Amino acid sequence: MSQTPTRKTKIVVVGNGMVGHKFIDNLIQDKSDEFDIITFCEESRLAYDRVQLTSYFDEGKGADDLALASEGYYQSNGINYLLNSKVTQLDTDNNQVITDSGHIESYDKLVLATGSFPFVPPIPGNDQEHCHVYRTLDDLDAIELSSKQSKSGVVIGGGLLGLEAANAVKNLGLETHVVEFAPRLMAVQLDDGGGALLRRKIEGLGVQVHTEKATSEIIAGETARYRMNFADGTHLETDMIVFSAGIRPQDALARSSNITIGERGGIVINDHCQTNIDNVYAVGECALWDNKIFGLVAPGYSMAKVAASHIATNGETESSFTGADMSTKLKLLGVDVASIGEVHGQTEGAQSYTYNDEIEQVYKRLIISADGKKIVGAVLVGDAEAYGTLLQTKQNDMPLPENPAVLILPNVADDSGSAMGVEALPDTAVICSCFDVTKGDIKQAVSAGCTTMASLKESTNASTGCGGCSALAKQVLDSELSNLGVEVCNDICEHFAYSRQELTDIIRVNKIKSFDELLDSHGQGLGCTVCKPAIGSILASYWNDYILEDQHLELQDTNDIYLGNMQKDGTYSVVPRIAGGEITPDKLIVLGEVAKKFDLYTKITGGQRVDLFGAQLNELPIIWKTLIDAGFETGHAYGKSVRTVKSCVGSTWCRYGVDDSVGLAIRLENRYKGLRSPHKIKFAVSGCTRECAEAQSKDFGVIATDKGWNLYICGNGGMRPRHGDLFATDLDETTLLKYIDRILMFYTRTADRLQRTSVWMENLEGGMDYLKQVVIEDKLGVAAELEADIELNISKYQCEWKTTIENPEKMKRFQHFINSEDMDENVSFITERDQRFPTPLSSSSIIEAANDKSEHASNRSEQEKARRIEITEVS
């Protein structure tokens, strides 16, 4: 007889934010076959990373870069979801939820993950068109739209979220103000000293701070769109206002039922995240535990894990939520800030050590218990490197050294013999609070074969949340590998028993000029697709030969071989250099004429260039001949090399500019153009601290001040956005170029293959302090070598396209067929927005085209006449 299938437990999750998604993720890890899960999401997209919300405005970023969940992932795991669907009623008597559209869903278990909503102070005039909140991607879209019609913006709220919002407003190019009711910024997390330094540093970046200001009304302005009148009789005019004055638990849905709500809001839960109603749970910022709301993601993730475990085990779990440490470390407007424990002197008898360096703008305060044995709290502003050690010491009640000041003072040794490193941490120490990864978990992962941060992230998720634990996780990883006697293999591949850094030194010291020469002397076999392009890049970095020379040709990937980026339809992009974004009308006309003649798709890039897409292989030399004759040269968009130097108009035109950003950008781009490196490199130069060129998001960012140039380095980072760190201030141009020369070549020497500068910095032993010693103080005695290396590279620069079109043999590469100059008929285009786009072909269509291109071309033409193809994404 056939057995009746076991009925699955129906789980309804209301809310699909970070915590709601984490609950689902936890639940399906081991028990995916036992549950029927459906989640309701008010927004038009599934869960995304609100912690990294500001990066939405970074160049080249979008909603997909923030996504935590995808429809494909949910579908493959059998999770049902409804977008743009708000649950408005709960019927806990009948175990049902009802949406605003009337949809009714029954449940066995209900999880409320409704999160929070931004608090908007009840100020008359707070509901006008250009007044926004800072919470969702839709909010950010509205802010961006307003910014295009504004010159200035005010953020009301100087806490964590307020300063994040201020960063977003500043990155949009607006004159930025922060208005805070309290007497200091980050009033909850920082003491007076830390708040004062944070204010000083942020104002130094061009953001104006107004504390102890209570806004009484918002009315029409005289010199700007709005006027904010304050209770003390002063006022401030602005074009846009962003409210980021805190959050409130989103508990309206629970209030409509018989679920218990706290006196000041929040859904009351116990240690298992259960409400007073059977089978109803609450997690995240909507939940009230021990009369506390937790506004960080890590406690929400802990709740999600506890609730999932309680449901999965039918209540037979030892897992419980017992509160969370609200310590935090982050970078606000490029400034390192960290807060641990209690920092306002409320612990009886507590003593404190304070370190305040006004020259370097570093403030540290360590608060210890009355008996001097335990850490009570700490504040770090300007240098948060000690955060990991201090946090672990506090969380694990580790004994302090005889002189606790060594924990915050620079270059002070502890002679007491106390063990304060990762070795002293117990296995229960939580290294990554976002994913509850302990030191023991990392030890287990290492024992199972993890030898790199990449493999550790994949197996444990450590450092993949907010990223604040990456340095500490790396220390634990290295420590455990050492304890196990594991020798980490950094060989670039099986053909070379050397790391990229070691191969760089071998090539440089021995003046090796070709792959074959290196293979004969230091390798074995024939080479592969890993070592060949990596060594090709190193050779180009030091000797800068023409990359299509026969001895180098086999080392290049597709883009370098044809000196253009191959697009998804098999055509290529043409990207001429436009140094600093400055171009003459005549050159603009040439670009337009070329695009029109060859029917190319044109786009202005974020790097201030004009990209031309859709050129077939045999068209490339003709196009480039025209461009070179007009004075253009290759933009090296196809290479792992220095790409663009973005700039604002600077002091030449802008009334705020304090120096010639365009002139410097042109000099930088012409100096470093084409320099091959481990990965692509982007520059930007801003003519003042309003930062319209977004220099702090680049590998090298330069910002003008009235005292000189400030240099930021190692920003961006591809999939893991990272603001650049301030390397040096008040530089003259000669010193600026000297430092950039040295950093570029030191990065080229020491980075791994395909490692962006941001990741390189995160993994550089000694970090920024060590790099400053190497570059500024010449600690290694290599400064002269680094400068000589860059000068040799500069002296050998050539436009690779100019060299190519002057060589008849090399020109033979740029045709589709050996014995014919015909075009490739398989490439077709459709028209959208008055420009052509590649036809989105399926894999079967591509195979069909390869088998019978003529028949396919004919059929495709008829199909395109009969239907409209809607383009949803352009690569």
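Using UniProt numbering, the letters of the sequence shown correspond one by one to residues 1 to 875.
From the three backbone atoms N, C-alpha and C, an ideal C-beta is built for every residue, glycine too.
The model shown is predicted, which means the values in this text are computed figures rather than measured ones.
Under the 10 Å beta carbon count, H103 is surrounded by fewer than 16 other beta carbons and is classified as exposed. Within the DSSP secondary-structure output, F40 pairs in a beta bridge with V14, L82. In this structure, the straight-line span from the alpha carbon of C131 to that of D706 is close to 33 Å. Residue state for R667 is assigned as helix, using DSSP reduced to three classes. Setting aside the 5 residues that flank it on each side, S216 is surrounded in the same chain by N229, A231, each with a C-beta closer than 6 Å to its C-beta; the list follows chain order.
Within the stretch 165-196, the beta strand (DSSP E) runs of at least 3 residues that lie entirely inside it are, in chain order, 175-180. The Cβ atoms of A615 and L591 lie no closer than 8 Å to each other. The distance from the Cβ of A728 to that of L711 is about 5 Å, consistent with a contact at the 8 Å cut-off. Contact between L555 and F515 holds, since their C-beta atoms are separated by about 6 Å, short of 8 Å.
Sixteen is the threshold: when 16 or more other Cβ atoms of the shown chains lie within 10 Å of the Cβ of Q608, as they do, the residue is buried. Note that the stretch 164-173 touches the stretch 148-156; at least 3 beta-carbon pairs, one per stretch, sit closer than 8 Å. Straight-line spacing of the CA atoms in E105 and F40 works out to 10 Å. Excluding the 5 residues flanking it on each side, T460 has same chain C-beta neighbours closer than 6 Å at V437, D441, A445, in chain order. Within the stretch 564-632, the runs of alpha helix (DSSP H) at least 4 residues long that lie entirely inside it are, in chain order, 585-597, 620-629. Collapsing the DSSP output to three states places N291 in coil. L296 has its alpha-carbon roughly 29 Å from the corresponding atom of L409. Boundaries around M453 are those of the alpha helix (DSSP H), 453-460, since no beta strand (DSSP E) includes it. For N77, DSSP assigns no beta-bridge partner whatsoever. V575 is the residue among V575, S647, T393, E582 whose C-alpha sits nearest the C-alpha of V610. Residue range 500-510 is occupied by the alpha helix (DSSP H) that includes I507, with no beta strand (DSSP E) assigned at that position.
The continuous stretches of alpha helix (DSSP H) do not include K364, which lies in the beta strand (DSSP E) extending over residues 362-368. In the three-state reduction of the DSSP assignment, E777 falls in the coil class, being assigned neither a helical nor a strand state. Taken atom to atom, the span from the alpha-carbon of H210 to that of L333 is near 16 Å. Take D491, set aside five residues on each side of it, and the residues of its chain with a beta-carbon closer than 8 Å to its own are A497, Y498, S499, in chain order.
Only residues of its own chain outside the window of five on either side were considered, and among them S677, P678, T757, W760 have a CB closer than 8 Å to the CB of Y747, listed in chain order.
For S70, the number of other beta carbons within 10 angstroms of its own is below 16, and it is reported as exposed. By the criterion of at least three beta-carbon pairs nearer than 8 Å, the stretch 280-300 is in contact with the stretch 243-253. At a Cβ-Cβ threshold of 8 Å, S55 and G162 do not count as neighbours. Beyond the five residues adjoining it in sequence on each side, E164 comes within less than 6 Å, by CB distance, of T54 in the same chain, given in chain order.
Looking from the CA of K812, the closest CA among C469, Y562, I340 belongs to Y562.
Taking 8 Å as the cut-off, the Cβ atoms of A113 and V51 do not count as close.
Nearest C-alpha to G341 among D325, F598, T260, Q524: D325. Runs of the beta strand (DSSP E) spanning 3 or more residues and lying entirely within the stretch 275-344 occur at 280-282, 328-332, 335-341, in chain order. Taking each of K673, E43, W653, K201 in turn and checking the Cα distance to V642, the smallest one comes out for K673.
Rounded to whole angstroms, the gap between the alpha carbons of V422 and D357 is 27 Å.
Remark: C-beta atoms of I794 and I628 do not approach each other more closely than 8 Å.
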